[in-house]
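Reading through the structure tokens given below for one structure.
Residue numbers (full-length UniProt numbering), protein chains in the order written: chain A, 1 to 265; chain B, 1 to 331.
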């Protein structure tokens, strides 16, 4: 009897945890179909109207557009800089390596409110106007740390004999990188970029400190929360979620297929 | 700072020194058999060093400008003084260390509360997250499709809006919501008991929002676990519980360690949960105070001093934690 309980305890606890994790997401999805009017607090009936017109709430799509722009630019820059750092840190030895290592990890060990406040202090000090540029800079800072950590794990797991083999076959260092190293790192780089975009798209605290009057999607929701969030926000949140699920699922399927193909050979 | 430097250095290097380096030789100073290196080899090594530096430099400079310098500016600003008769938001550079004593005596309560809330949320996230990660990484290892789906669901909350989810939580915990009705029906909550605007709601929100930061590192370390070790333990007549305690748990410690840090640090600085799910009396967290000192009161020195105190307190806590429980491969 005890054995049986022991066997079921993990699935039951894990299952409950998944329910806990997903209930608010299901709630957001359900209330995106609410015939809500202005505030989306109580269920008033099913409608597709919010999905047909997600930009129906004033300024919501402007904020969404801002978030997407910031996310794309910050992700591109952070992914390039972070991948270079990861490669440099794992593969090469140079003088300031430990200092560089520390400086890159520290943003992860700094709470967002401190990152946000210090950047604000810096921008005030430089006399820069807060807006698009300052938000992008702030996002690059915290996205880069995540990219470095993700890509670095991938680089250290890489079999360096593959590169040596390329060298033995007279590939130039550049060819070796482009034809061997980079393709092997690509899955890591892609997941780093996705994570980076998600972090940027979802960030509120750092953005709030450095954006002035520039509105992002999380800022829009935070301000709206005081009056009641429009149902269109639920539509956009659900749509982002579904899109992300699709991307992750497609990635998993591709990985599964590749592994199967490799094991078949 | 110097002791932090060495600890982080030794934590950071394993990723690079686990034998994956290409042809970088140990520098000649090491004792032992003398290695012969031709001038050509030395030149090649120098060249490689330069490539490494060139790869790291752009990002490094960016972080110097927009991470290191800002922190120094913040520290400087925390010592600024307000000249007599100055307007709101006007301060002069000074070395007014009394700012620190002043904000600490005013706001020690939210500060302590932030760490207490974050610590409770971290423990809860560990208790909830570990079974999830174990389920997906170990139990369902043979059921690849189901494990894959659950893994996607594990990552998924990252992609739905943080604030939208917190707001949804608020409505789920609301007085007329399902959770309160059930808790009242089974008499866990008194007839007029509420969850909104309470300490419970804030901690539940923190736990919920930072759960993926706990689960994913644990999942990563459990996924690498060799199940043959568990079988071996069973073959040696260990009970499942003993196997878990003596084999699984120790092997997953790097994940638990990274997960607790990745949960505790952002949770202690968070103020979205406290602002949306709390009341203003007994749930105020330090982030809310910093935000309002910056933007509502426009008192930059006080806000900077509070930020500095928060940062230093976290660094000290994290260093104690690393010293006490540190594992070699932190990330």
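Glycine is no exception: its CB is placed at the ideal position from the N, C-alpha and C atoms.
For this session: Sort A:73, A:199 and A:173 by Cα distance to residue 47 of chain B and report the nearest one.
Result: Along the second chain, one-based indexing puts residue 47 of chain B at 47. Nearest C-alpha to residue 47 of chain B: A:173.
Problem set entry | Beta-carbon gap between residue 263 of chain B and residue 125 of chain B smaller than 8 Å | Here residue 263 of chain B corresponds to residue number 263 of the second chain, with the count starting at 1. Here residue 125 of chain B corresponds to residue number 125 of the second chain, with the count starting at 1. Taking 8 Å as the Cβ cut-off, residue 263 of chain B and residue 125 of chain B qualify as a contacting pair.
For this session: Would you identify the three-state DSSP class for residue 34 of chain A, choosing helix, strand or coil?
Result: For the purposes of this step, residue 34 of chain A is taken as the residue at position 34 of the first chain. Residue state, collapsed to three classes: strand.
Problem set entry | Unbroken stretches of the beta strand (DSSP E), 3 residues or longer, contained in the stretch 48 to 94 of chain A | none
Problem set entry | Segment limits, alpha helix (DSSP H) that includes residue 45 of chain B | Position 45 of the second chain, counted from the first residue, corresponds to residue 45 of chain B. Its alpha helix (DSSP H) spans residues 39 to 63.
For this session: Give the DSSP-derived three-state secondary structure of residue 81 of chain B in the structure shown.
Result: The sequence position of residue 81 of chain B within the second chain is 81, counting from 1. Looking at residue 81 of chain B - three-state DSSP - the assignment turns out to be strand.
Problem set entry | Within-8 Å CB hit, residue 305 of chain B to chain A | Along the second chain, read from residue 1 onward, the residue named residue 305 of chain B stands at position 305. No, because no Cβ of chain A sits closer than 8 Å to the Cβ of residue 305 of chain B.
Problem set entry | DSSP state of residue 220 of chain B mapped onto helix, strand, coil | As a working note, residue 220 of chain B is residue 220 in the second chain. Looking at residue 220 of chain B - three-state DSSP - the assignment turns out to be helix.
Problem set entry | Residues, ordered as in the chain, of the stretch 265 to 282 of chain B that lie near chain A by beta-carbon distance below 9 Å | 265, 266, 267, 268, 269, 270, 271, 272, 275 and 276
Exercise. Relative to the alpha-carbon of residue 161 of chain A, which residue among A:125, A:82, A:180 and A:244 has its alpha-carbon at the smallest distance?
Worked result: The residue labelled residue 161 of chain A in the question sits at position 161 within the first chain. Ranking A:125, A:82, A:180 and A:244 by Cα distance to residue 161 of chain A puts A:180 first.
For this session: Report the three-state DSSP secondary structure of residue 92 of chain B (helix, strand or coil).
Result: Within the second chain, residue 92 of chain B is the residue found at index 92, counting from 1. Here residue 92 of chain B sits in strand by DSSP.
Exercise. Within 10 angstroms of its Cβ, does residue 59 of chain A collect 16 or more other Cβ (buried), or is it exposed?
Worked result: Numbered from its first residue, the first chain carries residue 59 of chain A at position 59. Exposed: under 16 other Cβ atoms inside 10 Å.
Problem set entry | Uninterrupted alpha helix (DSSP H) stretches inside the stretch 144 to 213 of chain A (no shorter than 4 residues) | 160 to 168, 173 to 176, 182 to 202 and 205 to 210
For this session: Return the residue from the list B:242, B:62 and B:211 that minimises the CA-CA distance to residue 144 of chain A.
Result: In the first chain, the residue the question calls residue 144 of chain A occupies position 144. Closest option to residue 144 of chain A, Cα to Cα, is B:62.
Exercise. Opposite residue 46 of chain A in the DSSP bridges: which residues?
Worked result: Within the first chain, the letter at position 46 stands for residue 46 of chain A. BP columns for residue 46 of chain A point to A:34.
Exercise. For residue 197 of chain B, does the three-state DSSP call read helix, strand or coil?
Worked result: The sequence position of residue 197 of chain B within the second chain is 197, counting from 1. Here residue 197 of chain B sits in coil by DSSP.
Exercise. Does DSSP classify residue 143 of chain B as helix, strand or coil?
Worked result: The residue labelled residue 143 of chain B in the question sits at position 143 within the second chain. Residue 143 of chain B carries a coil assignment under DSSP once its states are collapsed to helix, strand and coil.
Problem set entry | Limits of the alpha helix (DSSP H) - the one that residue 134 of chain B falls within | In the second chain, residue 134 of chain B corresponds to position 134, counting from 1. Per DSSP, residue 134 of chain B belongs to the alpha helix (DSSP H) from 98 to 134.
For this session: Would you tell me roughly how many angstroms separate the C-alpha atoms of residue 18 of chain B and residue 240 of chain A, rounded to the nearest one?
Result: Translated into positions along the second chain, residue 18 of chain B becomes position 18. Translated into positions along the first chain, residue 240 of chain A becomes position 240. Caution applies to residue 18 of chain B, whose pLDDT of 39 falls short of 50 and renders its modelled position unreliable; the model cannot decide the point.
Exercise. Looking at the structure shown, is residue 20 of chain A part of a helix, part of a strand, or coil, going by DSSP?
Worked result: For the purposes of this step, residue 20 of chain A is taken as residue 20 along the first chain, with counting starting at 1. If DSSP states are grouped into helix, strand and coil, residue 20 of chain A belongs with the helices.
Exercise. Is the CB of residue 92 of chain B under 8 Å away from at least one CB in chain A?
Worked result: If you number the second chain from 1, residue 92 of chain B lands on position 92. No, no contact with chain A.
For this session: Please state whether DSSP places residue 250 of chain B in a helix, a strand or coil.
Result: Here residue 250 of chain B refers to the residue found at position 250 of the second chain. In the structure shown, residue 250 of chain B sits in a helix (DSSP, three-state: H, G or I).
For this session: Check whether the Cβ atoms of residue 162 of chain B and residue 230 of chain A sit closer than 8 Å, and answer yes or no.
Result: One-based indexing of the second chain puts residue 162 of chain B at position 162. One-based indexing of the first chain puts residue 230 of chain A at position 230. Result no, Cβ atoms of residue 162 of chain B and residue 230 of chain A do not sit closer than 8 Å.
Problem set entry | Proximity below 8 Å, CB of residue 310 of chain B to CB of residue 107 of chain A | The count along the second chain starts at 1 and reaches residue 310 of chain B at position 310. The count along the first chain starts at 1 and reaches residue 107 of chain A at position 107. No.
Exercise. Are the CB atoms of residue 222 of chain B and residue 300 of chain B nearer to each other than 8 Å?
Worked result: Indexing the second chain from 1 puts residue 222 of chain B at position 222. Indexing the second chain from 1 puts residue 300 of chain B at position 300. Their beta carbons are not under 8 Å apart, which means residue 222 of chain B does not touch residue 300 of chain B by this criterion.
Exercise. Assuming residue 211 of chain A contacts residue 307 of chain B under a Cβ cut-off of 8 Å, what Cβ separation, rounded to an integer in Å, is found between them?
Worked result: Taking the first chain and counting its residues from 1, the one referred to as residue 211 of chain A is at position 211. Taking the second chain and counting its residues from 1, the one referred to as residue 307 of chain B is at position 307. Contact doesn't hold; Cβ gap of about 18 Å is too wide.
Exercise. Listing by chain order, which chain B residues have their CB less than 9 Å from the CB of residue 241 of chain A?
Worked result: Position 241 of the first chain, counted from the start, is the residue given in the question as residue 241 of chain A. Simply 156, 157, 159, 160 and 161.
For this session: Inspect the beta-carbon positions of residue 52 of chain B and residue 82 of chain A and report whether they are closer than 8 Å.
Result: Against the second chain, residue 52 of chain B aligns to sequence position 52. Against the first chain, residue 82 of chain A aligns to sequence position 82. Going by C-beta atoms, residue 52 of chain B is not nearer than 8 Å to residue 82 of chain A.
For this session: State the start and end residues of the unbroken alpha helix (DSSP H) segment that holds residue 276 of chain B.
Result: As a first step, residue 276 of chain B is located in the second chain; it is residue number 276 there, counting from the start. It spans 272 to 277 - the alpha helix (DSSP H) in which residue 276 of chain B sits, taken as one unbroken run.
Problem set entry | Candidates B:224, B:172 and B:101, of which the one nearest residue 305 of chain B by Cα | Counted from its first residue, the second chain places residue 305 of chain B at position 305. Answer by Cα proximity: B:101.
Problem set entry | 8 Å Cβ cutoff, residue 44 of chain A in contact with chain B | Walking along the first chain from the start, residue 44 of chain A turns up at place 44. Judged by the 8 Å Cβ criterion, residue 44 of chain A is not in contact with chain B.
For this session: Step through the CB atoms of chain B and report whether any lies within less than 8 Å of the CB of residue 110 of chain A.
Result: Translated into the one-based positions of the first chain, residue 110 of chain A becomes position 110. Output row for residue 110 of chain A: interface = yes.
Exercise. Per DSSP, what kind of secondary structure is residue 229 of chain B in: helix, strand or coil?
Worked result: Along the second chain, read from residue 1 onward, the residue named residue 229 of chain B stands at position 229. Of the three classes helix, strand and coil, the one that applies to residue 229 of chain B here is helix, per DSSP.
Exercise. Considering only residues of the same chain and omitting the five flanking positions on each side of residue 91 of chain A, which have a CB-CB separation below 8 Å?
Worked result: The residue labelled residue 91 of chain A in the question sits at position 91 within the first chain. Closer than 8 Å at the Cβ level, and outside the excluded window around residue 91 of chain A, lie 155.
For this session: May I ask you to verify whether the stretch 107 to 122 of chain B touches the stretch 168 to 184 of chain B, counting CB pairs closer than 8 Å and requiring at least 3?
Result: no
For this session: Alpha carbon to alpha carbon, how far is residue 239 of chain B from residue 75 of chain A? Give it in angstroms, no decimals.
Result: By 1-based counting over the first chain, the position of residue 75 of chain A is 75. By 1-based counting over the second chain, the position of residue 239 of chain B is 239. Distance between the alpha carbons of residue 75 of chain A and residue 239 of chain B is about 48 Å.
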